[in-house]
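Q:
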Amino acid sequence: MQPVFPDSPLRRILILGPSGSGKSTVGKRIGKILGIPIVHLDMHYWKPNWVETPKDEWPGKVKDLIASKIWVMDGNYTSTLQMRAKAADTLIFLDMTRGLSYFRVVSRYLRNRGKTRPDVTEGCPEKIDMDFIRWIWDYPRTKKPVILRFLEKLKSSKNVYILNNQNEIEAFLKALRIRYGRDGRI
688 MQPVFPDSPL
698 RRILILGPSG
708 SGKSTVGKRI
718 GKILGIPIVH
728 LDMHYWKPNW
738 VETPKDEWPG
748 KVKDLIASKI
758 WVMDGNYTST
768 LQMRAKAADT
778 LIFLDMTRGL
788 SYFRVVSRYL
798 RNRGKTRPDV
808 TEGCPEKIDM
818 DFIRWIWDYP
828 RTKKPVILRF
838 LEKLKSSKNV
848 YILNNQNEIE
858 AFLKALRIRY
868 GRDGRI
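Printed below as a string of structure tokens:
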């Protein structure tokens, strides 16, 4: 099924999904198609050595990030989801399987072992630990239902797209490129 896009341009796009679903990759591709900047929340949340931003500081950081007129923003961070969704005109949920998430996370780890990915704060080398493995395992049971209920409530006032596999992602990006792309290519 082809996605239906609004007449007005997409200006503030929020991408959600489990780890390894492709949020950063899809975000970069959308940013390139539309010619708008990508905001990787991991780059703003994590401090070197995987130190978290203090909980009382994080909402202020996010408020500053969403103040821009245009952005593609990837990341879950449910503590600020309502704030980001309110600012967004478009929300995309990458509903990938647990198996695919694990495969992509392990592949990413092997590709980047000991290095910092470009979408994460410098000084945060790629790693996998039991907490992260458990988070991926629990996501379909704990986070996904909450996000889907949240998105359902937004469908009447926002552009909401739920993409269930790589073919749907590619079809969405192709349709986006045809509808809004500046040069017709990714």
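According to the working numbering, the residues represented by the sequence shown are 688 to 873, in order. Ideal Cβ positions, reconstructed from N, Cα and C, are used throughout, including at glycine. Just so you know, these numbers come straight off a predicted model, no measurement behind them.
1) So the beta strand (DSSP E) Asp-761 belongs to, where does it begin and stop?
2) Comparing alpha-carbon positions, which option in Asp-806, Lys-802, Leu-697, Thr-740 lies nearest Gly-762?
3) Kindly list the residues whose CB is nearer than 8 Å to the CB of Val-833, restricted to its own chain and excluding five residues on each side of it in sequence; keep chain order.
4) Which of helix, strand or coil does DSSP assign to Tyr-764?
5) Anyone know if the C-beta pair for Leu-752 and Val-726 falls short of 8 Å?
6) Note the first and the last residue of the continuous alpha helix (DSSP H) segment covering Phe-859.
7) Is Leu-700 buried or exposed, if buried means 16 or more other CB atoms sit within 10 Å of its CB?
8) Using C-beta distances below 7 Å, list every residue in its chain close to Pro-812, excluding the 5 sequence neighbours before and after it, in chain order.
9) Which residue spans inside the stretch 801–846 form an unbroken beta strand (DSSP E) run of at least 3?
10) Check whether the stretch 848–868 touches the stretch 772–780, taking contact to mean three or more Cβ pairs, one atom from each stretch, closer than 8 Å.
11) Measure the CB-CB distance between Leu-860 and Arg-771 and report whether it falls below 8 Å.
12) Thinking Val-759 and Gly-718 are a contact (beta carbons under 8 Å), I'd like their distance in whole angstroms, please.
A: In short, the structure shows the following:
1) Position 74 of the sequence shown holds residue 761. Its beta strand (DSSP E) spans residues 758–761.
2) For the purposes of this step, residue 762 is taken as the residue at position 75 of the sequence shown. Checked all of Asp-806, Lys-802, Leu-697, Thr-740; the closest Cα to Gly-762 is Asp-806.
3) On the sequence shown, residue 833 is found 146 positions in, with the first residue counted as 1. Closer than 8 Å at the Cβ level, and outside the excluded window around Val-833, lie Thr-765.
4) In the sequence shown, the residue the question calls residue 764 occupies position 77. If DSSP states are grouped into helix, strand and coil, Tyr-764 belongs with coil.
5) As a position in the sequence shown, residue 752 is number 65, starting the count at 1. As a position in the sequence shown, residue 726 is number 39, starting the count at 1. Yes, the pair counts as a contact, with Cβ atoms nearer than the cut-off.
6) Translated into the one-based positions of the sequence shown, residue 859 becomes position 172. Start and end: 853–867.
7) For this step, residue 700 is matched to residue 13 along the sequence shown. The residue asked about is misnamed: residue 700 is Ile in this sequence, not Leu. The residue in question, Ile-700, is buried, as its Cβ has 16 or more Cβ neighbours within 10 Å.
8) Looking up residue 812 in the sequence shown gives position 125. Excluding sequence neighbours, Pro-812 sits near Gly-801, Lys-802, Thr-803.
9) none
10) yes
11) Numbered from its first residue, the sequence shown carries residue 860 at position 173. Numbered from its first residue, the sequence shown carries residue 771 at position 84. The answer is no: Cβ separation not under 8 Å.
12) Within the sequence shown, numbered from 1, the residue matching residue 759 stands at position 72. Within the sequence shown, numbered from 1, the residue matching residue 718 stands at position 31. Correct: roughly 5 Å between the Cβ atoms.
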